[in-house]
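**Q**
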Amino acid sequence: MQPSRRTCPLGVTLRLYSLTGVAFGKGAAASWSPRYDFRKNDLPVVLTNREGLYVIIAALCAFIRECASMTGYSFTLRPRNLDDSNHARMPTADQWADLESATGCITGAVIDCCKACSATPYRPCHILKQLADWNELLFHARMQLREMPGSSGKLAMVNIDDSRLYMGEPHHFEVQKSASVMHHLLKHHRCVASLCIASFQFQRYVQPLRDALPYTRLKKLKMTCLASLMSDGLWGAISSLTSLEELECSFFCCCSNYHSNELSSALATLVQTSPSLVVLCLTGISLEEQATKNLLASLTEKGVLRELTFGTRVIPDTCRKELARYLMLTPSLMSFSYTGDTEKTEIAVLEGVLHNRTLSKVTISTFTGHAVSIMLAARILSKSAPIKTFEINYIDKDFQQHNILYDIWLEAPRKNDTLEELSFPCELWNQQQWTNFKSILSSKPRLKRFNIRSHIDSYEYLSDVCHALEDSGVDHKMSCGDYLVEDNIDLLKCKMFSGLTFVNECEDLEATALRQLLDSDHLTSLVLQIPKGNLALCSALAKYLQSTSVLRKLQLRTGHSNGQGFTQEWWHIIVRSLSRNKSIKKLAFFAHNMSDSDVQA
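The sequence shown: position 223 = 224 (my numbering), numbered continuously.
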């Protein structure tokens with residue numbers, strides 16, 4: 002029975018509640034939680050019930066009938082079981098009337114959510130002109146619409162969990178409205194071509210996502226989540242995404258990978274049914290053996306994948322031969338990234354790469370350091386083949402420092418005439434070996450870039466590397482990434498670093514570094530911690546921001562100060578310096594306990 006839709010001449014607004022305590026009457030609203038808000042001239046009524054509260058339903062129905070007799074409204078009562086409290090209920094067709102004039106949570110902008118998608122091959126959808134308003138509606142679902150660069154009006158729906166935006170705990174109807182808008186956009190707007198979801202959406206919106214995904218026109222899907230929050234409810238919908246071109250699944254767990262037979266089967270089916278899938282990234286997942294073999298067989302048969310990434314323990318050891326066979330036979334793969342976990346699988350991967358004829362980029366994120374693997378990597382490095390980029394970012398902690406076997410990696414690149422970019426860990430060689438490698442770089446004009454990978458525990462070796470290679474005539478080819486500062490700034494002027502990050506809060510060291518950087522032009526990113534009220538550090542930052550023309554990324558974090566009674570001048574110095582700088586393209590600011598005047602500034 003469909004609910005009637007009549008205009009209420011008295012402008013009556015009625016709100017129903019699902020009971021969390023035994024209370025009745027207007028004054029008891031604080032003991033109830035809102036489930037549906039009656040506004041304007043709708044409205045359908047959806048009542049839900051909890052176990053143990055059935056006795057209240059009869060009294061509530063009598064109350065509804067009394068309201069109906071007084072207002073002239075007709076109501077439909079549909080008992081439903083509540084979903085898990087962590088998941089928003091999937092919107093029903095009857096609820097879309099409430100979205101016809103949905104309002105934003107910040108400016109109150111009114112949006113007609115039910116207007117059909119107007120995108121054509123020659124014209125973008127009408128919602129492109131109202132992205133800010135739509136993003137207000139999506140805010141409580143922690144989602145945001147963005148225009149995809151160079152896509153002729155295509156939109157990406159991305160999560161904003163990492164932005165730390167917070168406006169208090171929203172009411173349930175606000176959360177449900179955002180979930181309904183997200184569901185509606187995915188299901189009915191073909192202009193949404195990319196979706197990125199994270200832990201928050203997995204925790205609360207599995208049901209709306211599962212319902213909407215089969216109707217989407219997604220080209221790209223990225224899923225990032227804590228393994229403890231995963232449920233299998235979403236995976237069946239993945240195999241229906243036949244227009245998908247890029248799929249990235251990244252899950253995180255402290256002890257072991259996320260395991261799901263349903264996901265394994267869905268991936269194998271997707272590869273078979275999607276003719277356009279060209280990018281596949283799987284990390285933090287343990288695939289089931291038979292599904293993995295089906296997946297690799299389908300990848301080999303299809304022969305269209307261009308980029309493939311496998312994280313630790315994704316591929317079972319029992320499937321290493323199938324993986325090696327795929328790498329040998331694939332006619333299309335151009336980029337392959339692998340994180341090693343077992344020696345046998347790593348050897349199989351390297352053998353497959355050695356005989357591959359299409360790969361131009363190979364990345365081994367974690368290298369086991371097995372003797373056979375070292376020899377195979379040397380053969381790959383010395384072969385003039387399609388591979389233009391070869392990266393080994395980290396060697397397993399159990400490897401022997403300065404193992405003599407790695408000497409063969411010194412000469413291997415000398416025989417290669419196609420290599421353009423190379424990456425090795427900084428602890429690979431000693432200072433004399435790095436000095437010898439310098440002559441190889443000088444003799445290879447085609448080798449345009451060499452990246453030195455480091456981490457916080459390897460900085461004792463990084464100093465030797467920098468001293469061996471700086472002022473060598475090839476330092477313009479070298480890159481050490483970010484300089485992570487703990488207790489000294491000895492390498493501050495080394496031009497092989499492109500970023501500067503202070504790991505600990507050390508005010509004097511930060512101020513000294515900023516003063517020394519006034520005549521430097523090699524840093525493009527800076528991460529800094531500023532205690533409140535520190536005028537000396539703020540002034541040093543202001544002078545540096547005024548002098549630099551190459552800084553592109555700046556991240557500031559305010560901390561607590563030991564001083565008391567300081568003025569707000571420290572903050573105004575930062576604001577003025579930022580307003581005058583013309584080079585920064587990306588700014589991140591993490592503030593704690595800011596005053597109203599600071600926020601206004």
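From the three backbone atoms N, C-alpha and C, an ideal C-beta is built for every residue, glycine too. Given the structure is predicted, the values throughout are model-derived calculations rather than measurements.
Go to N437, then tell me how far its alpha helix (DSSP H) extends in each direction, as first and last residue.
**A** From DSSP, the alpha helix (DSSP H) with N437 extends over Q432 to S443.
**Q** Entirely within the segment 327 to 397 and at least 3 residues each: give me those beta strand (DSSP E) ranges in chain order.
**A** Entirely contained in the segment 327 to 397, the beta strand (DSSP E) runs reaching 3 residues are, in chain order, 336 to 339, 362 to 368 and 390 to 396.
**Q** Would K496 pass as a contact of L442 if the rule is Cβ separation under 8 Å?
**A** Taking 8 Å as the Cβ cut-off, K496 and L442 do not qualify as a contacting pair.
**Q** Does the segment 408 to 427 touch the segment 445 to 455, meaning 3 or more C-beta pairs lie closer than 8 Å?
**A** Yes, since at least three Cβ pairs between the segment 445 to 455 and the segment 408 to 427 fall closer than 8 Å, the two stretches touch.
**Q** Using only CA atoms, which one of L510, A228, V354 and T217 lies nearest to L245?
**A** Ranking L510, A228, V354 and T217 by Cα distance to L245 puts T217 first.
**Q** Would you say R189 and C118 are within 8 Å of each other, going by their C-beta atoms?
**A** The residue you asked about is not Arg; residue 189 is His in the sequence shown. In contact: H189 and C118 (Cβ atoms closer than 8 Å).
**Q** Fully enclosed by the segment 215 to 291, which beta strand (DSSP E) runs are 3 residues long or longer?
**A** Fully enclosed beta strand (DSSP E) runs of 3 or longer: 221 to 227, 247 to 253 and 280 to 284.
**Q** Counting C-beta neighbours from all protein chains within 10 Å, is the total for G474 16 or more, i.e. buried, or is it exposed?
**A** That one is exposed.
**Q** Is the distance from the Cβ of E302 to the Cβ of V279 below 8 Å?
**A** Not in contact: E302 and V279 (Cβ atoms no closer than 8 Å).
**Q** Among the residues of its own chain, which have a CB less than 6 Å from the CB of V350, if the five just before and after it don't count?
**A** Cβ neighbours of V350 beyond the five flanking positions: Y339.
**Q** If you reduce the DSSP assignment to three classes, tell me which class R516 lands in.
**A** Residue state, collapsed to three classes: helix.
**Q** Using alpha carbons as the reference points, say which of Q145, S153, H172 and A379 lies closest to V159.
**A** Among Q145, S153, H172 and A379, the Cα nearest to that of V159 is on Q145.
**Q** Which residues in the same chain have their Cβ closer than 6 Å to the Cβ of G500, if we skip the five residues on either side of it in sequence?
**A** Contacts found: D483 and S526.
**Q** Any idea which residues DSSP pairs V528 with across the strands?
**A** The partner list for V528 (beta bridge, DSSP) reads T502 and Q556.
**Q** What are the boundary residues of the alpha helix (DSSP H) that includes L546?
**A** From DSSP, the alpha helix (DSSP H) with L546 extends over L536 to S548.
**Q** How many angstroms separate the CA atom of C254 from the CA atom of T313?
**A** The straight-line gap from Cα to Cα measures roughly 12 Å.
**Q** Helix, strand or coil for E511? Go by DSSP, reduced to three states.
**A** Here E511 sits in helix by DSSP.
**Q** What are the boundary residues of the beta strand (DSSP E) that includes R1?
**A** Since the first residue of the chain shown is 2 and the last is 602, residue 1 is not available in this structure.
**Q** Which of helix, strand or coil does DSSP assign to C467?
**A** It is helical.
**Q** Using a Cβ distance threshold of 8 Å, determine whether the segment 191 to 211 contacts the segment 221 to 239, with at least three qualifying pairs required.
**A** As far as the Cβ criterion goes, the segment 191 to 211 touches the segment 221 to 239, which means the pair count is three or higher.
**Q** Do L222 and L242 have their C-beta atoms within less than 8 Å of each other?
**A** In this structure, L242 lies closer than 8 Å to L222 by Cβ.
**Q** Would S195 and A157 qualify as a contact pair, given that the criterion is a beta-carbon distance under 8 Å?
**A** Cβ atoms of S195 and A157: closer than 8 Å.
**Q** Buried or exposed: where does P209 fall if 16 or more other Cβ atoms within 10 Å of its Cβ makes it buried?
**A** Answer is buried; the Cβ neighbour count reaches 16.
**Q** Going by DSSP, name the residue or residues bridged to F140.
**A** BP columns for F140 are empty, so no partner.
**Q** Apart from the five residues just before and just after S455, which ones in its own chain have a Cβ nearer than 6 Å to its Cβ?
**A** So the list reads C427 and L463, once near-sequence residues are dropped.
**Q** Is N417 closer than 8 Å to S374 when the C-beta atoms are compared?
**A** Not in contact: S374 and N417 (Cβ atoms no closer than 8 Å).
**Q** Comparing alpha-carbon positions, which option in T367, L588, L330 and M335 lies nearest T343?
**A** Measuring from the Cα of T343, the nearest candidate turns out to be T367.
**Q** How about D397 and G370: are their beta carbons less than 8 Å apart?
**A** Cβ distance < 8 Å, so D397 and G370 count as in contact.
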